[in-house]
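Sequence order for the protein chains is F and Z.
So my numbering is basically just the index in the first sequence, starting at one, shifted up by 272.
So my numbering is basically just the index in the second sequence, starting at one, shifted up by 272.
First the structure, in the form of structure tokens, and then the observations on it.
There are 2 protein chains.
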Amino acid sequence: MCAYVEMRGMTEKEKLIYAAKARVIKALAHPTRLWMVERLADGERCVCEFADDVDADFSTVSKHLALLRQAGIVEDEKRGKQVFYRLKVPCVIKFMSCVEAVIESQAKEQSALLK
Amino acid sequence: MCAYVEMRGMTEKEKLIYAAKARVIKALAHPTRLWMVERLADGERCVCEFADDVDADFSTVSKHLALLRQAGIVEDEKRGKQVFYRLKVPCVIKFMSCVEAVIESQAKEQSALLK
DNA sequence: TGCACACATGGCAAAATAACCCTATATATA
DNA sequence: TATATATAGGGTTATTTTGCCATGTGTGCA
Chain F
273 MCAYVEMRGM
283 TEKEKLIYAA
293 KARVIKALAH
303 PTRLWMVERL
313 ADGERCVCEF
323 ADDVDADFST
333 VSKHLALLRQ
343 AGIVEDEKRG
353 KQVFYRLKVP
363 CVIKFMSCVE
373 AVIESQAKEQ
383 SALLK
Chain Z
273 MCAYVEMRGM
283 TEKEKLIYAA
293 KARVIKALAH
303 PTRLWMVERL
313 ADGERCVCEF
323 ADDVDADFST
333 VSKHLALLRQ
343 AGIVEDEKRG
353 KQVFYRLKVP
363 CVIKFMSCVE
373 AVIESQAKEQ
383 SALLK
């Protein structure tokens, strides 16, 4: 322990809150799920559309979408034989530009090293 | 496969991009790391401050911070015996309000079920 | 010079995740 | 009603992540 004044431990309530937040973010932390979320920014899509586009088993795609639904990021609606998914809280899309900023900052650093 | 017109598979380049994005988001997808990132919004902190606050081994805290650094989210600076961490791309903080919105949306739904 | 502190890192075991295959369910359609 | 289609969910295995311990490194101080 270091000799510091202002100590502020993580309370029990905070632990629960941050676990919940991490759970939402974790749902976005997968290439396929991230891609699907960004596609949903353009409007709803059914599972089979994703299954065609993504190079993965149908059941894998279905499970990814289920995970996003459980996290509260998307919602689904069954119409006929198909199930359509759409963004429930569209603000998640806005975050992507920041993620890109992180990557660009990294890239800039990397290229600076080569000089 | 369903009978749909507009099919747009994930290109190889997109796979790389989304893997990179997911890597950044994954760095945030942990309760302890998330908590540390939010604390850093108030200014830099040294590792030992976190170690005092977080209920985990010192080495665990150090590894979490290393992971955030490798993801390009924080940067560190050694001053004397201590290493100080600070946010490198502060926009990540703005995302938190959206994550909270997701959780509130979920909570609202849950309580609606009880009526 | 030697010691104590602040961190980082390698190794390891447990836990969580991911992706496949297979089966079950619901809905349109013949 | 039988059948094909669209999707969900269980089971299993491989991979990744997590967190602790032990150890190594650098820095200030006695």
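Positions of the beta carbon are idealized from the N, C-alpha and C atoms, including for glycine.
- [ ] Check the Cβ-Cβ distances between F/Lys293 and every residue of chain Z, and say whether any is below 8 Å.
- [x] For the purposes of this step, residue 293 of chain F is taken as the residue at position 21 of the first sequence. Interface residue, yes.
Open item on the list: Considering Cα atoms alone, identify which of F/Lys287, F/Thr283, F/Ile297 is closest to Z/Val374.
Closed with: Along the second sequence, read from residue 1 onward, the residue named residue 374 of chain Z stands at position 102. Between Z/Val374 and the set F/Lys287, F/Thr283, F/Ile297, the nearest pair of CA atoms involves F/Ile297.
Task: Cα-Cα separation, F/Val277 to F/Phe367 - done: Working through the first sequence from its first residue, we reach residue 277 of chain F at position 5. Working through the first sequence from its first residue, we reach residue 367 of chain F at position 95. Because F/Val277 sits at a pLDDT of 49, beneath the cut-off of 50, its placement in the model cannot be relied upon, and the following sentence gives the value as read from the coordinates. When rounded, the distance between both Cα atoms is 34 Å.
Open item on the list: Can you tell me whether F/Cys274 is helix, strand or coil according to DSSP?
Closed with: For the purposes of this step, residue 274 of chain F is taken as residue 2 along the first sequence, with counting starting at 1. Three-state result, F/Cys274: coil.
- [ ] Can you give me, in chain order, the residues of the stretch 294 to 321 of chain F that have a beta carbon less than 7 Å from any beta carbon in chain Z?
- [x] Those would be Ala294, Val296, Ile297, Lys298, Leu300, Ala301, His302, Pro303, Leu306, Trp307, Cys318, Cys320, Glu321, in chain order.
Task: Beta-carbon contacts of F/Ser334 that lie in its chain and below 7 Å, excluding the five residues immediately before and after - done: Locating residue 334 of chain F in the first sequence gives position 62, where the first residue counts as 1. Taken in chain order, the residues that qualify are Val319.
- [ ] For Z/Leu385, count neighbouring Cβ atoms within 10 angstroms of its own Cβ and tell me buried if that reaches 16, exposed if not.
- [x] Residue 385 of chain Z sits at position 113 when you count from the first residue of the second sequence. Its Cβ having fewer than 16 others within 10 Å, Z/Leu385 is exposed.
Task: F/Lys246, enclosing alpha helix (DSSP H) - first and last residue - done: This structure gives no information on residue 246 of chain F, because the portion of chain F shown stretches from 273 to 387.
- [ ] Could you tell me which residues DSSP puts in a beta bridge with F/Phe356?
- [x] By 1-based counting over the first sequence, the position of residue 356 of chain F is 84. Under DSSP, F/Phe356 shares a beta bridge with F/Cys318, F/Glu349.
Task: Chain-ordered neighbours of Z/Asp327 on chain F, where CB pairs are closer than 9 Å - done: Taking the first residue of the second sequence as 1, we reach residue 327 of chain Z at position 55. Listed along chain F are Gly281, Met282, Lys287, each with a C-beta nearer than 9 Å to that of Z/Asp327.
Task: Boundaries of the alpha helix (DSSP H) in which F/Cys370 is found, first to last residue - done: The residue you call residue 370 of chain F lines up with position 98 of the first sequence. Here the alpha helix (DSSP H) through F/Cys370 covers 367 to 385.
- [ ] With a 10 Å radius around its C-beta and 16 neighbouring C-beta atoms as the bar for buried, classify F/Thr304 as buried or exposed.
- [x] Counting from 1 along the first sequence, the entry for residue 304 of chain F is found at position 32. F/Thr304 is buried by the Cβ-count criterion.
TODO: Evaluate F/Gln243 with the Cβ neighbour count: other Cβ atoms within 10 Å of its Cβ, from every protein chain shown; 16 or more gives buried, anything less gives exposed.
DONE: Residue 243 of chain F lies beyond the range of chain F shown here (273 to 387); nothing can be said about it.
Open item on the list: Among the candidates Z/Gln342, Z/Trp307, Z/Thr283, Z/Pro362, whose CA atom is the shortest distance from the CA of Z/Ala323?
Closed with: By one-based count along the second sequence, residue 323 of chain Z stands at place 51. Distance check between Z/Ala323 and each of Z/Gln342, Z/Trp307, Z/Thr283, Z/Pro362 places Z/Trp307 closest, using alpha-carbon atoms only.
- [ ] Compute the beta-carbon to beta-carbon distance between F/Ala294 and Z/Ala301, rounded to the nearest angstrom, for a pair I have assumed lies under 8 Å.
- [x] As a first step, residue 294 of chain F must be located in the first sequence, where it is residue number 22. As a first step, residue 301 of chain Z must be located in the second sequence, where it is residue number 29. Going by Cβ atoms, the distance from F/Ala294 to Z/Ala301 rounds to 5 Å, so yes, they are a contact pair.
Open item on the list: Given a cut-off of 8 Å on the beta-carbon distance, is the pair Z/Ser377 and F/Gly315 in contact?
Closed with: For the purposes of this step, residue 377 of chain Z is identified with residue 105 of the second sequence, where counting begins at 1. For the purposes of this step, residue 315 of chain F is identified with residue 43 of the first sequence, where counting begins at 1. No, they are not a contact pair.
Open item on the list: Against F/Ala373, what residues of chain Z qualify as contacts under a CB-to-CB distance less than 7 Å, listed in chain order?
Closed with: Sequence index remark: in the first sequence, residue 373 of chain F carries index 101 (1-based). For the C-beta of F/Ala373, the chain Z residues within less than 7 Å are, from N- to C-terminus, Val361, Cys363.
TODO: Helix, strand or coil for Z/Met282, going by three-state DSSP, please let me know.
DONE: Within the second sequence, numbered from 1, the residue matching residue 282 of chain Z stands at position 10. Three-state result, Z/Met282: coil.
TODO: Output the boundary residues of the alpha helix (DSSP H) element that contains F/Ala338.
DONE: By 1-based counting over the first sequence, the position of residue 338 of chain F is 66. First-last of the alpha helix (DSSP H) with F/Ala338: 330 to 342.
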